[in-house]
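**Student:**
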Amino acid sequence: MRQKRSKAYRKLMAMFSTSFGFRQPYQVLVDSTMCEMAVSSKMDLSAQMESVLVGSVKLMITQCCIHELYLKGKSHQPAVDLAKSFERRKCNHKEAIPGDECIAAVVGDSNKHRYVIATQSHPLRVNLRAVPGVPIVHVNRAVMVLEPASDATLRAKHRVEQDALVPSTSERAILNAATPQVEHVPKKKRGPKGPNPLSVKKKARKYTVQEAKKANVTGMAQDEEVEVRRKRKHDESDSNDEESSSRPKRRRRRKS
3 MRQKRSKAYR KLMAMFSTSF GFRQPYQVLV DSTMCEMAVS SKMDLSAQME
53 SVLVGSVKLM ITQCCIHELY LKGKSHQPAV DLAKSFERRK CNHKEAIPGD
103 ECIAAVVGDS NKHRYVIATQ SHPLRVNLRA VPGVPIVHVN RAVMVLEPAS
153 DATLRAKHRV EQDALVPSTS ERAILNAATP QVEHVPKKKR GPKGPNPLSV
203 KKKARKYTVQ EAKKANVTGM AQDEEVEVRR KRKHDESDSN DEESSSRPKR
253 RRRRKS
């Protein structure tokens with residue numbers, strides 16, 4: 003088997019395991035048509051099934067399918083011998099019915115026993131695709147093939163995933179009992195919002211040309227007055243320094 007196909011089959015069976023509870027060894031329900039195909043192509047059915055399903059298998063067959071092989075005569079005796087080597091699955095049919103009807107009745111509407119169906123019957127495969135969670139195996143050109151998941155299976159898988167995200171009724175009751183009851187505190191109502199203080203700021207006064215010139219002259223006069231005061235203070239400090247430097251220094255007497 004090619005590596006790409008084996009990887010796809012492993013992924014598909016992992017989906018059946020996680021979403022529908024399939025476990026190894028997989029219960030493979032074989033019908034009369036698959037027994038005939040295995041004998042005619044000299045196929046090791048058990049080894050091929052383990053390769054396709056990527057795990058151990060347990061081959062099973064119903065009494066109705068064996069009876070169907072008996073009715074085909076002695077030429078199908080090798081297929082009968084092969085079918086007898088499989089584990090017998092009770093179908094609870096007092097009188098034998100066609101193999102397709104027997105397999106469909108055993109699978110039911112939900113495949114609760116988690117069977118993998120191995121059949122060459124096209125009508126049976128079409129009917130089983132409407133049942134969610136049914137892996138179907140058939141032989142195509144001497145190659146055993148595991149069919150992709152049907153639409154019904156994909157829808158059921160999506161429902162299972164969604165249900166897993168939502169807590170059940172019992173889990174919800176436990177959560178409610180464990181969560182402390184908090185009293186509802188009414189929300190304090192706020193008063194009407196006032197305008198933005200920046201938006202109500204007084205607009206700057208626009209001066210005329212004459213007022214602007216007058217303000218400029220006044221500012222220049224103030225600057226000149228400040229400069230005169232600064233120079234006056236500077237001159238006074240310089241004169242004080244000169245007087246202090248012109249005074250003779252007193253000589254200190256030495257102690258005898």
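According to my numbering, the sequence shown is numbered sequentially starting from 3.
Built from N, CA and C at the ideal position, the CB exists for glycine as well.
Because the structure is a prediction, the values reported are computed rather than measured.
Just tell me which of Gln29, Gln5, Pro182 has its CA closest to the CA of Val59.
**Tutor:** What you label residue 59 is simply residue 57 of the sequence shown in a count that begins at 1. Nearest option by C-alpha distance: Gln29.
**Student:** Taking DSSP's pairing of strands, which residues face Val82 in a bridge?
**Tutor:** Here residue 82 refers to the residue found at position 80 of the sequence shown. Note: Val82 sits in no beta bridge, so no partner.
**Student:** Check whether the region 63-78 touches the region 92-102, counting contact only when three or more Cβ pairs, one atom from each stretch, lie closer than 8 Å.
**Tutor:** Touching, yes, given that three or more Cβ pairs across the two stretches are closer than 8 Å.
**Student:** Taking the alpha helix (DSSP H) that Met39 belongs to, which residues open and close that run?
**Tutor:** Against the sequence shown, residue 39 aligns to sequence position 37. Start and end: 34-42.
**Student:** Considering only heavy atoms of the ligand SAM, does any lie closer than 7 Å to the CB of Gln50?
**Tutor:** Judged by which ligands are present, the structure shown has none, so any question about the ligand SAM falls away.
**Student:** May I ask which residues mark the beginning and end of the beta strand (DSSP E) holding Gly178?
**Tutor:** Position 176 of the sequence shown, counting from 1, holds the residue named residue 178. According to the sequence shown, residue 178 is Asn rather than Gly. Careful: Asn178 lies outside any beta strand (DSSP E), inside the alpha helix (DSSP H) at 171-180.
**Student:** Grab me the residues of Arg12's own chain with a C-beta within less than 6 Å of its C-beta, minus the 5 sequence neighbours each way, in chain order.
**Tutor:** Counting from one through the sequence shown, the residue named residue 12 turns up at place 10. So the list reads Val56, once near-sequence residues are dropped.
**Student:** Going by CA-CA distance only, name the one from Arg90, Glu103, Val54 that's closest to Arg4.
**Tutor:** What you label residue 4 is simply residue 2 of the sequence shown in a count that begins at 1. Of Arg90, Glu103, Val54, the residue nearest in Cα terms is Val54.
**Student:** Under 8 Å by Cβ, that's how I've got Asp102 and Pro134 pegged, so tell me the actual separation to the nearest angstrom.
**Tutor:** Locating residue 102 in the sequence shown gives position 100, counting from the first residue. Locating residue 134 in the sequence shown gives position 132, counting from the first residue. The C-beta distance from Asp102 to Pro134 rounds to 19 Å, too long to meet the 8 Å contact threshold.
**Student:** Taking buried to mean at least 16 other C-beta atoms within 10 Å of its own C-beta, is Ala81 buried or exposed?
**Tutor:** As a first step, residue 81 must be located in the sequence shown, where it is residue number 79. Buried: at least 16 other Cβ atoms inside 10 Å.
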